[in-house]
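To keep things clear, I will list the structure first and then write my remarks on it.
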Amino acid sequence: MNNTVKRPLNGGVEDDDEDEADGADLEAWERTYAEDRSWESLQEDESGLLRPIDTTAIHHAQYRRRLRALASTAATARIQKGLIRYLYIVVDLSKAASETDLKPSRMAVIGRQVEAFIREFFDQNPLSHIGLVTIKDGIAHCLTELGGSPESHIKALMGKLECSGDASLQNALELVLGYLNQIPSYGHREVLILYSALSTCDPGDLMETIQKCKKSKIRCSVIGLAAEMFICKHLSQETGGTYSVALDESHLKELVLEHAPPPPAIAEYATANLIKMGFPQRAAESAVAICTCHEEARTGGGYTCPRCKVRVCELPTECRICGLTLISSPHLARSYHHLFPIVPFDEVSQTSQNGSSHNFSSDCFGCQQSLLSQGNKPGLSVTCPKCKQQFCLDCDIYIHESLHNCPGCESFRHSNSVTTAQ
Amino acid sequence: MPSAPSKLYSDDVSLLVVTLDTNPFFWSTFSFPFSEFLSHVLAFLNSILLLSQLNQVVVIATGCNSCTYLYDSSSDKNHGSTTGSMPSLYSDLLHNLEVFLAGDQQLAKPRVNAAGGGAPPPSLLSGSLSMALCYIQRAFRSGPIHPQPRILCLQGSADGPEQYVAIMNSIFSAQHSTVPIDSCYIGSNNSAFLQQASYITGGIYYRPPHLDGLFQYFSTVFATDLHSRAFLRLPKSVGVDFRASCFCHKQTIDMGYVCSVCLSIFCEHHDKCSTCGSVFGQAQSNVPSSTDRKRKA
Numbered sequence: 001m002n003n004t005v006k007r008p009l010n011g012g013v014e015d016d017d018e019d020e021a022d023g024a025d026l027e028a029w030e031r032t033y034a035e036d037r038s039w040e041s042l043q044e045d046e047s048g049l050l051r052p053i054d055t056t057a058i059h060h061a062q063y064r065r066r067l068r069a070l071a072s073t074a075a076t077a078r079i080q081k082g083l084i085r086y087l088y089i090v091v092d093l094s095k096a097a098s099e100t101d102l103k104p105s106r107m108a109v110i111g112r113q114v115e116a117f118i119r120e121f122f123d124q125n126p127l128s129h130i131g132l133v134t135i136k137d138g139i140a141h142c143l144t145e146l147g148g149s150p151e152s153h154i155k156a157l158m159g160k161l162e163c164s165g166d167a168s169l170q171n172a173l174e175l176v177l178g179y180l181n182q183i184p185s186y187g188h189r190e191v192l193i194l195y196s197a198l199s200t201c202d203p204g205d206l207m208e209t210i211q212k213c214k215k216s217k218i219r220c221s222v223i224g225l226a227a228e229m230f231i232c233k234h235l236s237q238e239t240g241g242t243y244s245v246a247l248d249e250s251h252l253k254e255l256v257l258e259h260a261p262p263p264p265a266i267a268e269y270a271t272a273n274l275i276k277m278g279f280p281q282r283a284a285e286s287a288v289a290i291c292t293c294h295e296e297a298r299t300g301g302g303y304t305c306p307r308c309k310v311r312v313c314e315l316p317t318e319c320r321i322c323g324l325t326l327i328s329s330p331h332l333a334r335s336y337h338h339l340f341p342i343v344p345f346d347e348v349s350q351t352s353q354n355g356s357s358h359n360f361s362s363d364c365f366g367c368q369q370s371l372l373s374q375g376n377k378p379g380l381s382v383t384c385p386k387c388k389q390q391f392c393l394d395c396d397i398y399i400h401e402s403l404h405n406c407p408g409c410e411s412f413r414h415s416n417s418v419t420t421a422q
Numbered sequence: 001m002p003s004a005p006s007k008l009y010s011d012d013v014s015l016l017v018v019t020l021d022t023n024p025f026f027w028s029t030f031s032f033p034f035s036e037f038l039s040h041v042l043a044f045l046n047s048i049l050l051l052s053q054l055n056q057v058v059v060i061a062t063g064c065n066s067c068t069y070l071y072d073s074s075s076d077k078n079h080g081s082t083t084g085s086m087p088s089l090y091s092d093l094l095h096n097l098e099v100f101l102a103g104d105q106q107l108a109k110p111r112v113n114a115a116g117g118g119a120p121p122p123s124l125l126s127g128s129l130s131m132a133l134c135y136i137q138r139a140f141r142s143g144p145i146h147p148q149p150r151i152l153c154l155q156g157s158a159d160g161p162e163q164y165v166a167i168m169n170s171i172f173s174a175q176h177s178t179v180p181i182d183s184c185y186i187g188s189n190n191s192a193f194l195q196q197a198s199y200i201t202g203g204i205y206y207r208p209p210h211l212d213g214l215f216q217y218f219s220t221v222f223a224t225d226l227h228s229r230a231f232l233r234l235p236k237s238v239g240v241d242f243r244a245s246c247f248c249h250k251q252t253i254d255m256g257y258v259c260s261v262c263l264s265i266f267c268e269h270h271d272k273c274s275t276c277g278s279v280f281g282q283a284q285s286n287v288p289s290s291t292d293r294k295r296k297a
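First to last, the sequence lines map onto chains W and V.
Under UniProt numbering, the residues of the first sequence are numbered 1 to 422, in order.
Under UniProt numbering, the residues of the second sequence are numbered 1 to 297, in order.
Structure representation (structure tokens):
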């Protein structure tokens, strides 16, 4: 036990476990008032005693609301999604980003959230590309060009986290416009702006630039860290993006991660196209070859371009020699769950359980956890509308947010054949 | 003394979830009898439990019509039924297996009558993998100190192509929560699904060449916990087939066309995507005007 407490002191600064990291420099009583609003998590029970709120039900209710919102938009929109995205993240590093209303500073918080976002983005959109742009001293600066490697972006951003001067929305948009105009027509062009400043200091007419973005079909979304600004709202409305202002760090995180799943494909934004792609095979572990990405001899673990037979180290990439897009089939499969989402589960109401107790199972079908709360009363549970199996709330969240399979439907042949027939 | 178990937990206490292929269509045509296979597996599971008192074993049956939990070493229900003549692992597991096989057969009957034979149905690997992952999430939820989970797929029947998306979803979810999927495949040809599963999640894929010594393979390859794997030379992958199969002819291809909207794979150029209905080479919503069409023709 001692081990775990000491670890953060030894330099585990990056350890994101908040209560551990905070414990290192704040005493418990200080922490209680500075960070957690501990009085808000108390409630009175029937006998007038204070007890901690049962947060699982609340969490789950929030999650279900989110899920329903997603399901309703999915039902109205066509199932087509913009799966091949070219996204520029514009980070405002003007002097407004050094404000300390978010701890330790807006800049540090943005850095952390962008890092999390980049990882999540590539997890969900393996065929997409991200580029980073920073605004500083009224000038927009391209930090990384469009690329598919999360590590290189994160490294570049972390090395450049210092702020000064004013922000210029126009300069940033003009720069991004120049890059995004070169990408192929089937790609979805997007800009995500994390804007700390309350003003923009531009060399020309910003409205013209916004019209240019609209014409180039670039979807611009803005997340503000200070207060709502008309120009940001105008920009996102004109270009079909979203505009939101973060209330606090957790809200900011939520807003940023909303941009990770692919947006619905807007018909006139990108043309559908067939893209020629290669599926290279992984070479045996002992083979030696010179790769084109690092230009040096490497042993094992390379992929061979099926068209020109050169060696590359990583997928997905573009062949340096013949320009063929090289991917592996798992990259494609990673995106399929966006196209075949699983239906939200129905909540099992307490009354219906009492009425039809014969088909109420006492264990969660997924994890075998007992669904009975204390006193052998049935607790909260959900049921899949297709296979009628019951799941606990934790499994419900896991199934919808990470697994994307219903264990019940997958483990019965008859329902399986129905889904494939659809 | 109380600090010792928590240290053990961080290193080499394992939660092993085994998915056991019970597909009767496979075992009836296979040269190696299921009963013998089962005796190797039971000995292996016992040896896992013997390695550490804190180790935990869960067995899930992968049938061809349903999947179910067969045995959970942490559950209290097991210990009540120990009769003295047989340890609980054997009696419970064998009892549950019999019940499951009978139920699975019941489910199979209407299907066989309807289909009238044909190719033997593949096992529902996607279902048992999903259940295993749900179970493992429960272990993660149990607190900061939990045994190291891993999945071992004991599979014999061939891959079911219709499960592709579901199995890939399970694999990515396992990768996301760093759960390695080991696979011991005893069928005649390599299983591309399990090869990919083990490669992506960092587990071991192995196809034992001699089934008589199955226990030996189990204990030397799959009994090692995650901590000690770093010190051992375990079988390396001989190359993984990452090629895709096209949606139109189900052929394996190394170069092809991919729809930019739904990422369907085709082996030749089409004018319209058969999956999502997008028309290629123009804006999706625009109905092509007659002049446009003439110019193209």
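Built from N, CA and C at the ideal position, the CB exists for glycine as well.
For residue i, return the contacting residues in chain V, with the cut-off set at a CB-CB distance below 9 Å.
i, result
"C395(W)", "C134, Q137, R138"
"S370(W)", "In chain order: nothing, as chain V lies at least about 10 Å away."
"I275(W)", "Y257, V258, C259, S260"
"G278(W)", "D254, M255, G256"
"V320(W)", "Here residue 320(W) is Arg; the residue named in the question, Val, does not match the sequence. Within 9 Å Cβ-Cβ: nothing; R320(W) doesn't reach chain V, min ~17 Å."
Taking buried to mean at least 16 other C-beta atoms within 10 Å of its own C-beta, is residue i buried or exposed?
i, result
"P144(V)", "exposed"
"I48(V)", "buried"
"H59(W)", "exposed"
"F231(V)", "exposed"
"E174(W)", "buried"
"L50(W)", "exposed"
"Q163(V)", "buried"
"D101(W)", "exposed"
"G204(W)", "exposed"
"R233(V)", "exposed"
"G256(V)", "buried"
Does any residue of chain V have a CB that is nearer than 8 Å to the CB of residue i?
i, result
"E44(W)", "no"
"C291(W)", "no"
"Y63(W)", "no"
"Y88(W)", "no"
"P407(W)", "yes"
"L146(W)", "no"
"R311(W)", "no"
"R334(W)", "yes"
"P150(W)", "no"
"Q389(W)", "no"
"S362(W)", "no"
Between residue i and chain W, is the shortest Cβ-Cβ distance under 8 Å, so that the two count as touching?
i, result
"I200(V)", "yes"
"D12(V)", "no"
"D241(V)", "yes"
"A197(V)", "no"
"I265(V)", "yes"
"F34(V)", "no"
Between the Cα of residue i and those of the options, spot the shortest distance and give me the residue it belongs to.
i, options, result
"A272(W)", "P306(W), C367(W), G82(W), L49(W)", "G82(W)"
"residue 427(W)", "I118(W), G241(W), Q211(W)", "In the structure as shown, chain W begins at 1 and stops at 422. Residue 427(W) is therefore absent and cannot be evaluated."
"S183(V)", "V13(V), D21(V), Q137(V)", "D21(V)"
"L169(W)", "C232(W), I275(W), E115(W), Q113(W)", "C232(W)"
"L51(V)", "Q195(V), F266(V), S219(V)", "S219(V)"
Could you tell me which chain W residues have their CB closer than 8 Å to the CB of residue i, listed as they occur along the chain?
i, result
"P121(V)", "R413"
"A165(V)", "Sequence check: residue 165(V) is Val here, not Ala. Those within 8 Å of V165(V) in chain W are A333, Y336, H337, F340."
"H269(V)", "L274"
Would you mind telling me which residues of chain W sit closer than 7 Å to residue i, beta carbon to beta carbon, in chain order?
i, result
"C67(V)", "S411"
"residue 299(V)", "Since the first residue of chain V shown is 1 and the last is 297, residue 299(V) is not available in this structure."
"D72(V)", "Q368"
Kindly list, in the order they appear in chain V, the residues whose Cβ is closer than 7 Å to that of residue i.
i, result
"L403(W)", "S130, L133, N169, S170, S173"
"R307(W)", "M255"
Starting from the beta carbon of residue i, find every residue of chain A whose beta carbon is closer than 7 Å, and list them in chain order.
i, result
"Y398(W)", "In the displayed structure, chain A is absent; the protein chains listed are W and V."
How would you list, in chain order, the residues of chain V whose beta-carbon sits under 8 Å from the beta-carbon of residue i?
i, result
"L83(W)", "S260, V261, C262, L263"
**Prompt:** So does the stretch 174-193 of chain W actually touch the stretch 148-162 of chain W, counting three or more Cβ pairs closer than 8 Å?
**Reply:** no
**Request:** Tell me, please, whether the stretch 205-222 of chain V touches the stretch 40-56 of chain V by the rule of three or more beta-carbon pairs shorter than 8 Å.
**Result:** yes
**Asked** Are at least three pairs of beta-carbons, each pair with one atom in the stretch 254-264 of chain W and one in the stretch 230-237 of chain V, less than 8 Å apart?
**Response** no
**Message:** Counting beta carbon pairs with one atom in the stretch 95-103 of chain V and one in the stretch 59-72 of chain V, are three or more of them shorter than 8 Å?
**Reply:** For the pair of segments examined, the stretch 59-72 of chain V was found to touch the stretch 95-103 of chain V: the number of CB pairs separated by less than 8 Å reaches three.
**Item:** At least 3 beta-carbon pairs within less than 8 Å: the stretch 23-36 of chain V vs the stretch 143-161 of chain V
**Value:** yes
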